[in-house]
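According to our numbering, the stretch in the sequence shown is residues 15 to 559, in order.
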Amino acid sequence: MDKIWSQIYGYWCGIQHYRWYGILGAWVIAIVGWAYVIHMPNKYESTARVYVDTESLLRPLLSGLAVQPNVEQRLSIMTQTLLSQPNLDKVIQQTDMDLSIKTPKEKEILLKELKQAIKLQVSKDNLYQISYEASESQLARRVVQSILNIFVEKTLGSSQSDSTNARQFIEQQIKVYEELLNSSEKELMDFKREHVGLMPSEKGDYYQRLQGELEKLEDAHTKFNIAKSRREAIKRQLGGEAPVIGFGSSYEAGSIKDPIGSITGAGDMRIQLLQEQLNEALLKYTDKHPDVTALKETIAMLRRKKDESPSKNSANNKMNDASGGEAEKYQPEINLSPLAGNFYYQQMQVSLAEADAEIATQKARIDALDKSVSHLRELVDTIPKVEVELAVLTRDYGVYKKNYEQLLARRESAKIGGNVDESPENVKFRIVDPPTEPVIPSSPKRPLLITAVLFVAIGAGAAFAFLLSQLKLVFYTRENLEDTTGVPVLGIVSVAISGGDLRKKRADIIYFFSALGVLVAGYGLLIANYLFNIQLFSMVKKLVS
15 MDKIWSQIYG
25 YWCGIQHYRW
35 YGILGAWVIA
45 IVGWAYVIHM
55 PNKYESTARV
65 YVDTESLLRP
75 LLSGLAVQPN
85 VEQRLSIMTQ
95 TLLSQPNLDK
105 VIQQTDMDLS
115 IKTPKEKEIL
125 LKELKQAIKL
135 QVSKDNLYQI
145 SYEASESQLA
155 RRVVQSILNI
165 FVEKTLGSSQ
175 SDSTNARQFI
185 EQQIKVYEEL
195 LNSSEKELMD
205 FKREHVGLMP
215 SEKGDYYQRL
225 QGELEKLEDA
235 HTKFNIAKSR
245 REAIKRQLGG
255 EAPVIGFGSS
265 YEAGSIKDPI
275 GSITGAGDMR
285 IQLLQEQLNE
295 ALLKYTDKHP
305 DVTALKETIA
315 MLRRKKDESP
325 SKNSANNKMN
335 DASGGEAEKY
345 QPEINLSPLA
355 GNFYYQQMQV
365 SLAEADAEIA
375 TQKARIDALD
385 KSVSHLRELV
395 DTIPKVEVEL
405 AVLTRDYGVY
415 KKNYEQLLAR
425 RESAKIGGNV
435 DESPENVKFR
445 IVDPPTEPVI
455 PSSPKRPLLI
465 TAVLFVAIGA
475 GAAFAFLLSQ
485 LKLVFYTREN
495 LEDTTGVPVL
505 GIVSVAISGG
515 DLRKKRADII
525 YFFSALGVLV
535 AGYGLLIANY
545 LFNIQLFSMV
555 KKLVS
């Protein structure tokens with residue numbers, strides 16, 4: 015540790031020995047450096063701050079009703095593209111900077127410098143700061159004002175332009191889909207017209223319809239067999255029943271009722287019942303439905319039977335008229351009552367008529383269903399193809415219709431959204447600090463540079479003195495001498511300074527610190543000139559003039 019301190023002391027002594035060279039070098043460097051700093055061109059910075067209010071009251075009111083513009087994203091994109099070449103070209107034209115441009119190369123250099131000099135800072139609370147430095151204060155203010163105008167106009171203008179482009183695109187798509195929809199409707203209508211009777215109904219596709227007809231046919235066969243069995247059972251019961259003759263007070267000729275009349279009345283009841291069933295079926299099905307066809311054929315058959323029965327009754331009446339005289343001769347002594355039909359016998363006759371009608375109905379239904387099944391089986395290759403083509407046409411029509419309706423809804427939303435974009439309530443720009451024309455230069459930072467020059471000058475002077483001490487080797491300590499020569503030093507003899515030499519040494523020190531003080535005083539004057547704006551150089555110029 016002592017050796018290190020001894021070495022440092024030796025270096026210090028060497029610098030002290032050449033201190034005048036050091037102070038001279040410091041003076042030269044300080045004067046040159048300060049002169050350079052003083053003559054550096056002034057730059058003036060103009061700054062503007064603007065607050066962008068994107069929290070519009072219209073947003074919650076129009077939520078889900080209109081297309082909401084993404085103002086934050088638009089501002090972000092505008093911030094990134096603000097310093098694009100087209101915008102900078104506008105700035106150059108608006109600030110008359112293009113008047114000094116003579117060649118495309120100069121314009122390219124100016125655009126590059128302008129892009130580097132313009133600064134745009136964005137804070138989290140949507141506060142934008144635009145700043146620019148120029149050699150002229152008026153130019154700096156004009157550039158900032160131009161950038162601010164472009165920022166506001168582009169942000170609002172891009173919104174309106176986007177809305178207009180979106181609406182134009184939607185209108186074009188609506189026309190396209192309207193044509194597609196009309197064409198699809200016409201094609202679907204023509205297809206249905208060409209394939210009448212082959213279209214799938216509410217009952218399903220071809221195979222479902224065929225399966226349904228087969229099930230109906232099986233059901234008709236079952237009911238037909240049941241009706242036949244019922245008729246046979248009724249016939250067997252009728253075989254064991256006979257009309258009953260009762261006794262009364264008088265006898266009236268011709269009062270015996272013919273059971274055929276009872277059957278005819280039952281037929282009328284059956285026709286009326288079937289007619290009601292037909293009316294109900296027509297409310298559900300078409301005229302070509304098998305059930306409707308079967309009911310019609312059954313009613314027609316019963317009516318034919320009804321028309322045939324009067325002719326038989328008239329023949330029987332004629333026979334009775336022919337034998338009427340003889341019948342009067344055989345008036346019995348006993349008062350026989352009229353031959354009244356047994357009520358159970360009549361009911362069985364009605365049931366038999368109903369069973370016959372049911373058999374005829376089911377037979378007609380079976381015939382109609384057989385025709386329907388045969389017809390469907392003949393179309394086994396045609397109907398599925400028609401159904402597939404119809405499904406394709408219907409699917410295309412559904413897609414076109416859905417997209418067309420969505421486009422109509424989007425058009426209305428876009429109209430409302432465009433009105434929102436054009437509304438001043440959508441986004442607001444509030445100028446917090448308008449661009450001003452600066453008076454005090456913003457750069458260079460002369461106080462800082464002058465201070466740096468002072469320290470650099472003092473450091474360079476000390477380094478120069480140290481360099482001289484190393485070039486002209488002088489031993490100031492015993493350890494330094496021993497280390498350099500390698501010879502042991504037995505002792506040190508101090509120099510005896512006389513009074514005159516001591517005074518010279520003291521004067522030399524005073525002069526040295528005076529020179530250093532003048533250097534520091536010059537630094538102080540320069541700092542005061544720029545910090546307190548005392549206009550030192552203007553005063554010197556006036557004194558000189």
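Here a beta-carbon is modelled for each residue, glycine too, at the ideal position from N, C-alpha and C.
Nothing here was measured: the structure is a model prediction, and the numbers come from that model.
Cα-Cα separation, residue i to residue j
i       : j       : result
Trp-19  : Ala-154 : 57 Å
Asn-467 : Trp-34  : Residue identity differs from the one stated: residue 467 is Val in this sequence, not Asn. Approximately 19 Å between the Cα atoms of the pair.
Lys-206 : Thr-169 : 55 Å
Arg-520 : Ser-528 : 12 Å
Val-501 : Ser-508 : 20 Å
Pro-449 : Arg-156 : 8 Å
Ser-60  : Ile-115 : 23 Å
Gln-286 : Leu-292 : 10 Å
Leu-481 : Ile-541 : 31 Å
Glu-185 : Asp-410 : 21 Å
Tyr-418 : Ser-427 : 14 Å
Glu-192 : Gln-289 : 50 Å
Thr-491 : Gly-24  : 7 Å
Met-315 : Asp-370 : 11 Å
Ile-29  : Leu-504 : 27 Å
Val-406 : Val-190 : 20 Å
Trp-41  : Leu-516 : 27 Å
Lys-320 : Gly-226 : 35 Å
Glu-401 : Leu-194 : 22 Å
Gln-152 : Ser-137 : 27 Å
Lys-271 : Lys-230 : Only weak support is given to the placement of Lys-271: the predicted model assigns it a pLDDT of 40, under 50, and the question is left unresolved by the model.
Lys-415 : Ala-423 : 12 Å
Leu-9   : Ile-188 : Nothing in the structure corresponds to residue 9, since the chain is present only between 15 and 559.
Asn-561 : Met-111 : The structure shown has nothing for residue 561, since the chain only spans 15 to 559.
Cβ pair residue i, residue j closer than 7 Å
i       : j       : result
Asn-56  : Pro-455 : yes
Lys-129 : Leu-162 : no
Gly-39  : Gly-531 : no
Ala-62  : Ile-164 : no
Glu-372 : Ala-241 : yes
Ala-382 : Thr-307 : yes
Tyr-146 : Val-446 : no
Ser-512 : Tyr-32  : no
Ser-160 : Gln-99  : no
Ala-44  : Ala-471 : yes
Ile-464 : Trp-26  : no
Ala-234 : Ile-380 : yes
According to DSSP, residues forming a beta bridge with residue i
i       : result
Ser-60  : Tyr-146
Lys-457 : At residue 457 the sequence reads Ser, which differs from the Lys that was named. According to DSSP, which records beta bridges pairwise, Ser-457 is partnered with Lys-57.
Simplified DSSP assignment, three categories, for residue i
i       : result
Leu-134 : strand
Leu-141 : strand
Asp-447 : strand
Val-66  : strand
His-235 : helix
Leu-495 : helix
Lys-104 : helix
Lys-502 : In the sequence under discussion, the amino acid at residue 502 is Pro, which differs from the Lys named in the question. Three-state DSSP puts Pro-502 in coil, outside helix and strand.
Lys-121 : helix
His-31  : helix
Asn-547 : coil
Tyr-418 : helix
Ser-508 : coil
Pro-304 : helix
Neighbour flag for residue i against chain B, beta carbons, 7 Å
i       : result
Lys-129 : Among the chains in the structure shown there is no chain B, since it carries only a single protein chain.
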